[in-house]
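First up is the structure itself, then whatever we jot down about it.
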Amino acid sequence: MKEQISALMDDELSTDSLDYLFTAVKSDDNLGECWATYHLIGDVMRGNPMMKPDFKQQLMQKLEAEPAVLAPRNIRRERRPMMWSIAASAAAVMFVGWVVLQQQGPENANAAPVVEIAQNIPSEYLQAHQAVAPSSSSYFIQPAAYSENAQ
Amino acid sequence: MKHVLLTCLLAMQVSFAYAEDPWRLLQDAADAARELSYRGIFVYQSGHNSRSVQITHMNYGQGEYARSVVLDGSPREVLSQGSDVVIYTPRNEKVVITKRRAQNLFPALLPPSMSGLKASYEARLGGQERVGGREGQVIFLNSRDQYRYGYKFWTDREHGLILKSITFNENNEPIEQITFTQLTLMDTQNMDWFQPHVDPAKHYVMEEENVAAADVSDVQLGQLPAGFKKIDQVKRMVPGKQVPVTHLIYSDGLACVSLFIEPVNKKRQPKLGGHTLGSTNFYTHVSDGYQVVVVGEVPAATVAHMANAVKFKR
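So the protein sequences, as listed, match chains A and B.
Last residue of the first sequence: number 150 in numbering that gives the first Met the number 0, and the count goes up by one each step with no gaps.
Last residue of the second sequence: number 313 in numbering that gives the first Met the number 0, and the count goes up by one each step with no gaps.
This is the structure:
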């Protein structure tokens, strides 16, 4: 599923698969998060202007340019903690980015995605279907309920 | 001159024989499978699976009695009386008994009446071929659209019974074949054969079905593939589910499709998409907080189409 999201962002997914992928992403918060994270990574890798190394300075300049400091006497004491907290936020973003990049390794490929594509017919539904509409195969080959559970 | 005339007459007769109505022959096959008394062995093949089955079918105006014994692998048996079918399946230390509604049990693959099939299928006569020591007439039953499988039948020229059947998928590849290797008519009224011989030493257990009538007023179905009609709607307990599932059953006369509708379980996300197993196709999707599962002996396009046709009233 994550590969499909990645393929969609790279414009490599056929339009046929889109409906299904959107349904899956909408119905699963984890995939929604994955979508956002991939865009963050993409922005970083493409050197999106927002993510340049001087991100902090730019942000500080913008804050500097902001009007309205209502209590001039407290200016110095107020600004330092703010700088620290912004620095902390930037560090947090970098840390999350790093963690996400680490997770793209092979160990993540093995983790089961939360929304799965059906690899077989769930036996409970096949069994219920055969109860009302038995096919030749359900008469003569083992029925669904036994083929999966009997061993 | 006389000879020429005779030849012409003969040729005409032959062509008349060829002009036989294929639907008439299919109706004869459907009737023969239910009305005649016969015993035989047929081979069922699908993918890598193959089973020999011995069938005994009797009808002396007292209704139908049939017993099919699977001769290969585990000794399953299917006994039917009228429309009640009971399947005996050995399983570990037990023999599990399941009840079914009678349907398409070979050689009675065709429905009792052909009228429902004519809208979705077209019938065409083929040549004559020998099957299992009997003279057979080939009849093709092809779908008029891409939403169902096609069939090739060999019917007995003397008794009408289906001797052989091949099911073709939408790409015209054979996916299932059933062939009589031996077939004789019976003239005894002895009913000793009508009892299961699975394994008398084992404990027999009945598998209960838990179904109730369903209210489906909030479910709306858009355009379905032509010919598919709803034949039943129930609420049933599906193994592993806490709440009953709404089960709608559709059929075009030959193929059957089940629609299962239930609220999405937040804890257990459904697997989405489709899958094929032998002649059976499956498709799941989620719509308006409901999970829709479609299973049927139809092409993949049909189950996907039907799943996407389900809408809910707000």
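Backbone N, C-alpha and C define an ideal beta-carbon position, used for all residues, glycine too.
Please read all numbers here as calculations on a predicted model, not as lab measurements.
Counting only Cβ pairs nearer than 9 Å, list the residues of chain C close to E208 of chain B. The displayed structure is made up of protein chains A and B, and chain C is not among them.
Is V263 of chain B near H246 of chain B, with beta carbons less than 8 Å apart? no
*Taking M59 of chain A as part of the alpha helix (DSSP H), name the residues at either end of that continuous run.*
Segment F54 to A64, the alpha helix (DSSP H) holding M59 of chain A.
Requested in this report: Might you give, ordered along the chain, the residues of its own chain that have their beta carbon closer than 6 Å to the beta carbon of D10 of chain A, omitting 5 neighbours on each side?
Outcome: none
Original post:
Over what stretch of residues does the alpha helix (DSSP H) that includes Y59 of chain B continue unbroken?
Top reply: The continuous stretches of alpha helix (DSSP H) do not include Y59 of chain B, and DSSP gives it neither H nor E.
With 16 as the cutoff for other CB atoms within 10 Å, does V237 of chain B come out buried or exposed? buried
Q) Who are W153 of chain B's beta bridge partners in DSSP? A) B:V137 and B:K163
Any C-beta of chain A within less than 9 Å: which residues of the stretch 273 to 285 of chain B qualify? G273, H274, T275, L276, G277, S278, T279, N280, F281, Y282, T283, H284 and V285
Taking Q102 of chain B as the query, report the chain A residues whose CB atoms sit under 8 Å from its CB, ordered along the chain. A132 and P133
I want to verify the contact list: residues of chain A whose CB lies under 8 Å from the CB of H246 of chain B, in sequence order.
A127 and V131
Cutoff 8 Å: F139 of chain A Cβ touching any chain B Cβ: Answer yes: the Cβ-Cβ gap between F139 of chain A and chain B drops below 8 Å somewhere.
F259 of chain B versus V293 of chain B: straight-line alpha-carbon distance, rounded: 6 Å
task: In the DSSP assignment, find the unbroken alpha helix (DSSP H) run with M305 of chain B in it and report its ends.
output: Unbroken alpha helix (DSSP H) run through M305 of chain B: A299 to N307.
Item to check | Length of the line joining the Cα atoms of A211 of chain B and D231 of chain B | outcome: 11 Å
Note to self: Judging by CA-CA distance, which residue of B:K265, B:S45, B:H196 and B:H304 is the nearest neighbour of R75 of chain B?
What the structure shows: B:H196
Exercise. Where does E34 of chain B sit, in a helix, a strand or coil, going by DSSP?
Worked result: helix
- Task: Using a threshold of 8 Å, state whether the C-beta atoms of G277 of chain B and S73 of chain B are closer than that.
- Result: no
Mind checking whether Y138 of chain A and L78 of chain B have CB atoms under 8 Å apart? In this structure, L78 of chain B does not lie closer than 8 Å to Y138 of chain A by Cβ.
- request: In the DSSP assignment, find the unbroken beta strand (DSSP E) run with A212 of chain B in it and report its ends.
  value: Segment V210 to A212, the beta strand (DSSP E) holding A212 of chain B.
Within its chain, find whatever has a CB closer than 8 Å to the CB of R33 of chain B; leave out the 5 residues flanking it on each side and keep chain order.
N58, E63, A107 and P111
Would E2 of chain A pass as an interface residue toward chain B - the criterion being a Cβ-Cβ separation below 8 Å? no
Helix, strand or coil for Y146 of chain B? Go by DSSP, reduced to three states. coil
Review point. Quick one: is S84 of chain A buried, meaning 16 or more other Cβ sit within 10 Å of its Cβ, or exposed?
Key: So S84 of chain A counts as exposed.
- Sort out for me which residues DSSP pairs K229 of chain B with in a bridge. According to DSSP, K229 of chain B shares a beta bridge with B:Y249.
Quiz item: Does the beta-carbon distance from K163 of chain B to F139 of chain B come in below 8 Å?
Solution: In this structure, F139 of chain B does not lie closer than 8 Å to K163 of chain B by Cβ.
**Request:** Express the C-alpha separation of D144 of chain B and Y355 of chain B in angstroms, rounding to a whole number.
**Result:** The structure shown does not extend to residue 355 of chain B, since chain B spans only 0 to 313, so no value can be given for it.
Q | Beta-carbon proximity list for F41 of chain B, same chain, < 7 Å, skipping 5 on both sides | A | V52, I54, F105, I177, T178, F179 and T180
Could you name the residues of chain B that S136 of chain A contacts, counting a contact when the two beta carbons are closer than 8 Å?
Y43, S45, N48, E175, G277, S278 and T279
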